[in-house]
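Residue numbers (mature numbering (1 follows the signal peptide of the UniProt record, and there is no 0)): -23 to -1, 1 to 525.
All C-beta atoms in this analysis are idealised placements derived from N, C-alpha and C, irrespective of residue type, glycine included.
All values derive from a computational prediction rather than experimental measurement.
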Amino acid sequence: MSLHVLTVVVAVLYLSPVTLTRAGDRTEGTPGPSYVAAVYEHRVILNPEPHVPLSRAAALEHMMRNLKVYEEQAARAAEQGAQIIVFPEDGIHGFNFSRLSISGYLETIPDPLTEDWNPCTQPDRHNHTEVLQSLSCMARRHQLYLVANMPDLQPCPLTSHPHLDPSQTPCPPDGRWQFNTDVVFRSDGSLAARYHKQNLYFEKEFDTPPRLEVVTFDTPFAGRFGVFTCFDILFHDPTVRLLEKGIRQMIFPTAWMNLLPLLTAVQIQRAVSLGANVTLLAANLRHDSKAMTGSGIFTPSTSIYHHAFHHPGGPEEGKLLVLRIPVLDSDWLATQKQAKRQEEKGGKGEEKEQIGEEGEAKGQGETGGEGDGEPLSASLPTRSPNPSPSPSPSHFISSMMCDPFSFVLLHGSEGQLTVCDGPLCCHLQYRRSPQGGNTELYALGAFAGNHTADGHFALQVCALVRCSGSEVSSCGKGVEEAESRVNFRLEGKFGTRYVYPSLLGSSMVVDKPDRIEKTTDGRVTMEHSGMSVGLVTACLYGRVYDQD
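Given below as structure tokens:
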């Protein structure tokens, strides 16, 4: 992801000289078939002059410095039993290149759908593929599936897509395609998948692929995975296309800049995992000056994640996360179950895999497991049967994430509120417990419309947020700390079935809501009580893809 510096958020992200690594939505082990996944948040070594073209030799020297770190982390992951490891977007080469200056970094990556190739054992088949060879041998040496991101050069017209209509996909002026690309290697080093990023984010060095790619790959330990990159997570293609194909295990290399109060890295990662009911293996860069941090392994039932806080003068370090998680590929599970039945019928015994505890979520303070906490009915005021959709007299407009949200303030320790924006009405029941006599201001916001800053997409959002100050104009501004514990029920009736719930606590704690309910008429409800830290944001983030 090339960097277009956003001024909306960065200052609030550098408050504390600590790192946060939290594990566990639930405290019990992982039942049923499982596997061990790893993601690495990489402190990328950058080219200090990315706009100056380098020779191939100089570019390789730079990339090998990052690949040396990858090698160390792959070895560490393998020692902990990892069967798959994911590295971040831009982690090998960096970012902020021009189309010309990235030339020395490019390698032509063959399409594994049309060619079987193991770069480690067949290094002479293709020229100038040193990075591919390094990654391939890394996967082979440590006997794990490996996902990395690198720049790809393809001839134009694309020989690997013979069905493209040349009249609809003209070549770039320099006569070649340059793609932001994820590569997947099997544990024997063979190239399993190649994905060209669809939704670029200010990446002038790369082209949008002329044909949408919906890429999956199969593993022997967990079945099928889908692949998408960074900004793709906010769009229908390819993310929803993968969901429509029944893919429930997603690989997500990213170079994500944290955007409070709605789109921090671990917040959107958790939201998509819950809202789409999928596993998400998310690997981000660590780069403090760009507010880049936040990686995790998320399933609908468990998680481990990491968010680093900048400390002036302190080291910026990477972070390896390893977790045993359940297999979610239903076809693979059915096949395994059938094979086990056949084995038992054949009298071969009932030997059962023993699932180790290494990397399992241990529930280190994170709440949100199903059935945890006080019953919500006991902690909230009774809701009126027909809440009025009329905005409260304290209704006001304030900008949040560059969008004009309609807000209403929370008053007192408990109550019910409704705020509307166009067709969307958001309802809130709440009971809050300020800590230490603080006077933190909270507001309920609604937005239904087109987001047009740094991307164009249609939204319907209900959000309960802590305001950054004591004035209404501060509502919607980024804030990272909060003291008030808030029990709540947040509800909206959405014009889309794609609604992603998130719950962000003080110091970037990502809680799992006690209950999320979706009905066929578009109503989405999120409930939570008993937070261990103050509430920063509770959000129902709806994407109206057909209005983009």
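| Asked | Found |
| --- | --- |
| Status (buried if at least 16 other CB within 10 Å, exposed otherwise) for residue 388 | exposed |
| The region 37 to 56 contacting the region 145 to 160, beta-carbon criterion three pairs below 8 Å | no |
| Pairwise C-alpha distance: residue 419 and residue 7 | 37 Å |
| Any 3 or more C-beta pairs closer than 8 Å across the region 230 to 237 and the region 264 to 279 | yes |
| Sequence-distant residues of the same chain with beta carbon closer than 6 Å to residue 203, five excluded per side | 193, 219, 224, 227 |
| Nearest-angstrom Cβ-Cβ length linking residue 527 and residue 59, presumed shorter than 8 Å | Because the chain is modelled from -23 through 525, residue 527 falls outside the range shown and cannot be assessed. |
| Residue 250 versus residue 274: straight-line alpha-carbon distance, rounded | 10 Å |
| Secondary structure of residue 502, DSSP reduced to three states | strand |
| Presumed contact (8 Å Cβ cut-off) between residue 246 and residue 214, rounded CB distance | 19 Å between Cβ atoms; not a contact. |
| Proximity of residue 522 and residue 434 at Cβ, strictly below 9 Å | yes |
| Same chain, Cβ closer than 7 Å to residue 437, five either side skipped, listed in chain order | 401, 425, 471, 472, 473, 519, 521 |
| Residue 243 and residue 305 closer than 9 Å at C-beta | no |
| Chain-order list of residues whose beta-carbon lies under 7 Å from that of residue 52 (same chain, five-residue window excluded) | 119 |
| Among 482, 485, 478, 510, nearest to residue 495 - alpha-carbon criterion | 478 |
| Outcome for residue 415 when other beta-carbon atoms lying within 10 angstroms are tallied against a minimum of 16 | exposed |
| CA-to-CA distance, residue 454 to residue 237, given in whole angstroms | 7 Å |
| In chain order, each alpha helix (DSSP H) run of at least 4 residues that lies wholly inside the region 401 to 474 | none |
| Residues sharing a beta bridge with residue 167, DSSP | Residue 167 is not bridged to any residue. |
| CB-CB length for residue 29 against residue 78, believed under 8 Å | 6 Å |
| C-beta contact flag for residue 67 and residue 108 at 9 Å | no |
| Own chain residues within Cβ distance below 6 Å of residue 514, not counting five before or after | 238, 442, 481 |
| Three-way DSSP call (helix, strand, coil) for residue -4 in this model | strand |
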